[in-house]
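Engineer: This structure is in structure tokens; I'll ask about it shortly.
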Amino acid sequence: MWWIVIVALVVIAIMAVIVSHFYKMAVKRAPKAFLAGNADQAAGDQVVSSGPDYAWIRSQKREELELTSFDGLKLRATWIEAETNTNTTVILAHGYTGRGYDMSAFAKFYVEELGYNVLMPDDRGHGASEGNYISFGWHDRLDYIDWMQTVIMRTGADSEVILHGISMGAATVLMASGEKLPPQIKAIIADCGYTSVHAELTYQLKQMFKLPPFPFIPLTSLYTKLKSGYGFKEASALEQVKKTQLPVLYIHGEEDDFVPTTMVYELYEHSGGDKYLFTVPHAAHGTAFVIDPDGYKQAVRDFLAKYLEKKEEAV
0 MWWIVIVALV
10 VIAIMAVIVS
20 HFYKMAVKRA
30 PKAFLAGNAD
40 QAAGDQVVSS
50 GPDYAWIRSQ
60 KREELELTSF
70 DGLKLRATWI
80 EAETNTNTTV
90 ILAHGYTGRG
100 YDMSAFAKFY
110 VEELGYNVLM
120 PDDRGHGASE
130 GNYISFGWHD
140 RLDYIDWMQT
150 VIMRTGADSE
160 VILHGISMGA
170 ATVLMASGEK
180 LPPQIKAIIA
190 DCGYTSVHAE
200 LTYQLKQMFK
210 LPPFPFIPLT
220 SLYTKLKSGY
230 GFKEASALEQ
240 VKKTQLPVLY
250 IHGEEDDFVP
260 TTMVYELYEH
270 SGGDKYLFTV
280 PHAAHGTAFV
290 IDPDGYKQAV
300 RDFLAKYLEK
310 KEEAV
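In structure tokens:
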């Protein structure tokens with residue numbers, strides 16, 4: 000019988016090493032080398048990190064803001080005020096391994112063309128914010144509620160606040176949508192977000208490594224729960240949008256192989272409030288804005304015109 004015990008211990012040790020590796024690879028704050036060969040992710044990164052829009056951000060008058068999260072982390076964000084005084088603000092949520100400045104192209108659109116203020120947070124575990132793990136939007140949803148309150152304190156009780164996220168940022172704002180939000184939150188724009196962390200990591204495990212979800216996903220989820228305080232299944236944008244009454248504009252590239260386009264249809268179908276869908280042919284992950292900028296901007300304008308009191312600013 001002793002050999003059975005030895006074999007069991009060896010198997011347990013091997014699984015522990017594998018699970019720790021997957022945690023470090025996907026969840027722990029660290030460079031993500033496994034993304035280097037992913038063409039779809041690279042295309043999205045190129046869009047959000049375009050040089051001209053970074054230059055535009057650097058040319059703007061900016062203010063760096065800071066708050067303390069529910070678990071004591073120092074989180075930071077960049078505030079850009081519109082040239083003309085307004086109480087309408089867009090909070091822009093960046094993607095996996097990104098930072099607030101990655102949303103520069105969207106910030107430029109909102110500031111220059113729509114005349115809105117913009118707040119660009121760095122999520123926990125990203126950019127200038129503290130944190131040693133990535134929460135894929137789940138803990139971030141609570142951080143963004145704090146950022147919402149920060150905006151409302153700056154712009155007044157009659158503020159109108161829009162949430163706009165891309166990729167993980169889209170999942171973040173959708174996860175936030177299921178919480179009790181301030182009445183000043185008027186609308187959500189979710190560009191290429193996933194249904195849940197469990198679904199996305201299961202998909203990526205198969206796509207990148209040709210591995211089945213069991214036992215890797217359940218065990219890594221358990222390890223993440225112990226290390227970082229959340230499990231993959233509970234971190235669900237799909238379950239959160241079922242509870243929301245906010246209007247949501249869902250955007251997705253029709254050739255997205257990083258967050259499969261099927262996910263947007265599932266989110267759209269189950270969304271509890273008013274909902275709109277804009278898909279872009281030939282667009283890979285995170286590239287809808289650059290593939291069809293005119294169509295994207297018009298979809299956003301038309302959507303916001305329905306829900307903002309100052310409708311003339313969104314047409």
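Numbering (numbering that gives the first Met the number 0), first residue to last: 0 to 314. Heads up, the beta-carbon is just placed ideally off N, CA and C, and yes, glycines get one too. Since this is a predicted model, take the numbers as computed values, not measurements.
Residues in the same chain with beta-carbon distance under 7 Å from Asp52, minus the five sequence neighbours each way, listed in chain order, please.
Structural biologist: Ser103, Ala104 and Lys107
Engineer: Any idea if Ala54 is buried or exposed, counting beta-carbon neighbours within 10 angstroms, 16 or more meaning buried?
Structural biologist: Burial check for Ala54: the Cβ neighbour count within 10 Å stays below 16, so the residue is exposed.
Engineer: So, does the region 266 to 278 touch the region 243 to 258, judging by three or more C-beta pairs under 8 Å?
Structural biologist: By the Cβ criterion, the region 266 to 278 is in contact with the region 243 to 258, since at least three pairs of Cβ atoms, one from each stretch, lie closer than 8 Å.
Engineer: Can you find the residues in the same chain that come closer than 8 Å, C-beta to C-beta, to Glu159, ignoring five residues on each side of it along the sequence?
Structural biologist: Asn86, Thr87, Thr88, Gln183, Lys185, Leu307, Glu308 and Lys309
Engineer: May I have the straight-line CA-CA distance separating Phe215 from Ala304, to the nearest angstrom?
Structural biologist: 45 Å
Engineer: Between which two residues does the alpha helix (DSSP H) holding Asp122 run?
Structural biologist: Note, Asp122: premise wrong, no alpha helix (DSSP H); not H, not E.
Engineer: Excluding the 5 residues flanking Ser68 on each side, which residues of the same chain have their C-beta closer than 6 Å to its C-beta?
Structural biologist: Hits under 6 Å: Leu74 and Asp142.
Engineer: By the DSSP assignment, the beta strand (DSSP E) with Arg61 in it spans what residues?
Structural biologist: Arg61 to Thr67
Engineer: Please confirm if the region 222 to 231 is in contact with the region 11 to 30, defined as three or more CB-CB distances below 8 Å between the two stretches.
Structural biologist: yes
Engineer: Do you know whose CA, among Ser235, Tyr275 and Gln239, lies nearest His251's CA?
Structural biologist: Tyr275
Engineer: If you drop the 5 nearest sequence neighbours on each side, which residues of the same chain put their C-beta closer than 7 Å to that of Lys241?
Structural biologist: The answer, listed in chain order, is His269 and Gly271.
Engineer: Determine the DSSP secondary structure at Arg75, reduced to helix, strand or coil.
Structural biologist: In this structure, DSSP gives Arg75 an extended state, which the three-state scheme calls strand.
Engineer: Whose C-alpha, out of Ser166, Glu65, Leu237 and His281, is nearest the C-alpha of Asp190?
Structural biologist: Ser166
Engineer: Tyr100 and Ile56 look like a contact to me (Cβ under 8 Å); what is the Cβ gap, rounded to whole Å?
Structural biologist: 6 Å
Engineer: Rounded to whole angstroms, what is the Cα-Cα separation between Glu253 and Ile5?
Structural biologist: The straight-line gap separating the alpha-carbon atoms of Glu253 and Ile5 is approximately 50 Å.
Engineer: Enumerate in chain order the residues of its own chain whose CB-to-CB distance from Val299 is below 6 Å, with the five nearest sequence positions on each side excluded.
Structural biologist: none
Engineer: Check Val18 in the structure and name its three-state DSSP category.
Structural biologist: helix
Engineer: Please report the distance separating the alpha-carbon of Ala81 from that of Ala92.
Structural biologist: If you draw a straight line from the Cα of Ala81 to the Cα of Ala92, it is about 18 Å long.
Engineer: Out of Ala156, Ile188 and Ala198, which has the shortest C-alpha to C-alpha gap to Gly168?
Structural biologist: Ile188
Engineer: Give the range of the alpha helix (DSSP H) segment to which Tyr306 is assigned.
Structural biologist: Pro292 to Tyr306
Engineer: Need the endpoints of the beta strand (DSSP E) that Gly164 sits in, please.
Structural biologist: Glu159 to Ile165
Engineer: Take the Cβ of His138 as the centre, count every other Cβ of all protein chains shown within 10 Å, and call the residue buried at 16 or more, exposed below.
Structural biologist: buried
Engineer: Where does Tyr115 fall in DSSP's three states?
Structural biologist: The answer is coil: DSSP assigns Tyr115 none of H, G, I, E or B.
Engineer: For the candidate residues Leu218, Glu65, Arg140 and Thr83, whose alpha-carbon lies nearest to that of Ser128?
Structural biologist: Glu65
Engineer: Hey, Ser176 and Ala234: beta-carbon distance below 8 Å or not?
Structural biologist: 8 Å or more divides the Cβ of Ser176 from the Cβ of Ala234.
Engineer: Taking the beta strand (DSSP E) that Tyr249 falls in, what are its first and last residues?
Structural biologist: Val247 to Gly252
Engineer: Give the C-beta separation of Arg140 and Thr171 to the nearest angstrom, bearing in mind that I take them to be a contact with Cβ-Cβ under 8 Å.
Structural biologist: At roughly 6 Å, the Cβ-Cβ gap stays under 8 Å, so Arg140 and Thr171 are in contact.
Engineer: Mind checking Phe231: buried by the 16 CB within 10 Å criterion, or exposed?
Structural biologist: buried
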